[in-house]
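S.K.: Chains as they are written, first to last, in numbering that gives the first Met the number 0: chain A, 0 to 214; chain B, 0 to 116.
Backbone N, C-alpha and C define an ideal beta-carbon position, used for all residues, glycine too.
Nothing here was measured: the structure is a model prediction, and the numbers come from that model.
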Amino acid sequence: MKQPNAADFSPPTVASPAPPTAPKRDRAQTDPDRWVDEHGDCLFRYALVRVRRREVAEDLVQETLLAAIRSREKFAGQSSERSWLTGILKHKISDYFRKLGRETSFTDLESLADEFSEKFVPEGYWVHVKGPKEWKPESDEVVHRAEFWQTMRHCLDKLPERIANVFMLREMDEVESKEICSMLSISESNLWVMLHRARMALRECLEINWFNREK
Amino acid sequence: MATNTEDSNPRPPDDTSAIQPNGWLQKMLVWIISQATPKCRDVVRILSEQMDHELPVVMRLKLRLHFLACCWCERYMKQLHYMRETACRFPERAGEGGGSALSPEARFRLKHVLNNQ
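1. For a contact meaning CB atoms closer than 7 Å, what does Asp40 of chain A contact in chain B?
2. Rounding to the nearest angstrom, what Cα-Cα distance links Glu133 of chain A and Ser78 of chain A in this structure?
3. May I ask you to report which of helix, strand or coil DSSP gives Phe115 of chain A?
4. Given this structure, state the Cα-to-Cα distance separating Leu67 of chain B from Ala17 of chain B, to the nearest angstrom.
5. Contact criterion: CB-CB distance below 7 Å. Does Lys119 of chain B meet it with respect to chain A?
6. Would you say Met151 of chain A faces chain B, with C-beta separation under 7 Å as the test?
7. Are Leu46 of chain B and Met76 of chain B closer than 7 Å when you measure CB to CB?
8. Whose Cβ in chain A lies nearer than 8 Å to the Cβ of Lys110 of chain B?
9. Roughly how many whole angstroms lie between the Cα atoms of Cys72 of chain B and Phe107 of chain B?
10. Determine, using beta carbons only, whether Pro159 of chain A comes closer than 7 Å to chain B.
11. Decide if Cys87 of chain B is buried, meaning its Cβ has at least 16 other Cβ atoms within 10 Å, or exposed.
12. Taking all protein chains shown into account, decide if Met167 of chain A is buried (16 or more other Cβ within 10 angstroms of its Cβ) or exposed.
13. State the Cα-Cα distance for the pair Glu203 of chain A and Ala35 of chain B, rounded to the nearest angstrom.
14. Where does Ser78 of chain A sit, in a helix, a strand or coil, going by DSSP?
15. Just list the alpha helix (DSSP H) runs in the segment 11-55 of chain B, keeping only unbroken ones of 4 residues or longer that don't cross its boundaries, in chain order.
16. Using a Cβ cut-off of 7 Å (strictly closer), state whether Ala17 of chain B contacts chain A.
17. Give the straight-line distance between the Cα atoms of Val128 of chain A and Asn8 of chain B, rounded to the nearest whole angstrom.
18. Could you tell me the distance, in whole angstroms, from the CA atom of Lys135 of chain A to the CA atom of Arg59 of chain B?
19. For Gln61 of chain A, which residues in chain B fall below 7 Å Cβ to Cβ?
20. Take Phe96 of chain A and list the residues in its own chain whose beta-carbon comes closer than 7 Å to its own, dropping the five residues that flank it on each side.
21. Check each candidate in B:Pro20, B:Asn21, B:Trp30, B:His65 and name the one with the smallest Cα separation from Pro37 of chain B.
22. Out of A:Asn208, A:Leu194, A:Lys73, A:Asp32, which one is the CA nearest neighbour of Gln49 of chain B?
23. Anyone know if the C-beta pair for Pro131 of chain A and Leu113 of chain B falls short of 7 Å?
24. By Cβ distance, which residues of its chain are closer than 7 Å to Arg53 of chain A, with the 5 residues on each side in sequence left out?
25. With a threshold of 16 other CB atoms inside 10 Å of the CB of Leu84 of chain A, please say whether the residue is buried or exposed.
26. Whose Cβ in chain A lies nearer than 9 Å to the Cβ of Gln116 of chain B?
27. Would you list, in chain order, the members of the segment 75-94 of chain B that have their beta-carbon closer than 9 Å to a beta-carbon of chain A?
28. Around the Cβ of Ser102 of chain B, are there at least 16 other Cβ atoms within 10 angstroms (buried) or fewer (exposed)?
29. Less than 8 Å between the CB atoms is what I'm expecting for Val42 of chain B and Leu62 of chain B, so what's the real figure, rounded?
30. Between Lys38 of chain B and chain A, is the shortest Cβ-Cβ distance under 7 Å, so that the two count as touching?
31. Using 10 angstroms around the beta-carbon of Glu72 of chain A, count the other beta-carbons present and answer buried if the total reaches 16, otherwise exposed.
32. Looking at the strands, I want to know which residues DSSP matches up with Trp125 of chain A.
33. By the three-class DSSP mapping on this structure, what secondary structure does Ser186 of chain A have?
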């Protein structure tokens, strides 16, 4: 695995003022190489979590970086280079699912259907000892730890594929519910059921494997 | 949430509900709340829906009332918000903690394609 180095923290070269002629050619030769080295694995891992197939994930990374070459003049450096590239990748992923949604059914109401029935007594209340635990540590301390993101990735991988797709479109690509429904040709009530199951399962997995784990 | 199954469904020590059924008055309050608000199984579904569209005022009030006697549903709501906050940071942090990486061939191919643009 690539270790962080000083270059990770240096300002993006595209942000530096440069004459519009010769240095541009240099940049054209060096930026894509550097993007692959510095951001390639991160983009690839995110794409892989989303599409679960290496070759599709590689294609998405390639499309993302090609789009980045075409639009780099517009990147003014307000955000980090990583956020900029991730933003492009998110669009490419949405396009991918939009295309897939026209070809296959995305409704998945079977997976996880009764998986959580043991959490509730027949009357519908929590089995108290199996109810949600208090999550500690909270927020910022957690999200700065690489292991947390590894656990998150593991938990997302365990979700049934179509349920994971709608969850990540909603919460990571921040696509509005109505848009997801039209993208994937599913009804709003089906989307809610799928999102509910995804949240329930992800919550449970994070609690077992991170917040409530043996330390 | 306390119900007539309370004896067979004991509350663990980390129960932090504002109202706990440890006296006749509290028991009555908890019972009233359990009758006036949706059951936990439905509350968690409604809480998930709330992440995607606004609920009617009456339902929001019922949920507040429910939380007074049920710390588990309240925790569930907080955790849904927490998952939303962290999930949107995931794309930029997906590379952390090891795992699959671009193969050397893919890396070479990418650079080749990109540099020929």
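M.R.: This is what the structure gives:
1. The contacting residues are Gly94, Ala100, Leu101.
2. 34 Å
3. coil
4. 5 Å
5. Outside the shown range of chain B (0 to 116) lies residue 119 of chain B, about which nothing can therefore be said.
6. yes
7. Yes, Cβ-Cβ distance for Leu46 of chain B and Met76 of chain B is below 7 Å.
8. Identification of chain A residues near Lys110 of chain B by a Cβ-Cβ cut-off of 8 Å yields Pro31, Asp32, Val35, ordered along the chain.
9. 51 Å
10. No, Pro159 of chain A lies away from the interface with chain B (no Cβ there is under 7 Å from its Cβ).
11. When all chains shown are included, Cys87 of chain B counts as exposed.
12. Burial call: buried.
13. 28 Å
14. coil
15. 23-35, 39-49
16. no
17. 8 Å
18. 27 Å
19. The contacting residues are Leu109, Val112.
20. Asn164, Leu168, Met182, Leu183.
21. B:His65
22. A:Leu194
23. Contact: no.
24. Result list for Arg53 of chain A: Leu47, in chain order.
25. With 16 or more other Cβ atoms within 10 Å, it is buried.
26. Ala27, Pro31, Leu65, Ile68, Arg69
27. Tyr75, Lys77, Gln78, Leu79, Tyr81, Met82, Arg83, Glu84, Thr85, Ala86, Cys87, Arg88, Phe89, Pro90, Glu91, Arg92, Ala93, Gly94
28. exposed
29. 7 Å
30. yes
31. Of the residues assessed, Glu72 of chain A falls on the exposed side of the cut-off, its CB having fewer than 16 other CB atoms within 10 angstroms.
32. The secondary-structure analysis by DSSP pairs Trp125 of chain A across a beta bridge with A:Phe119.
33. coil
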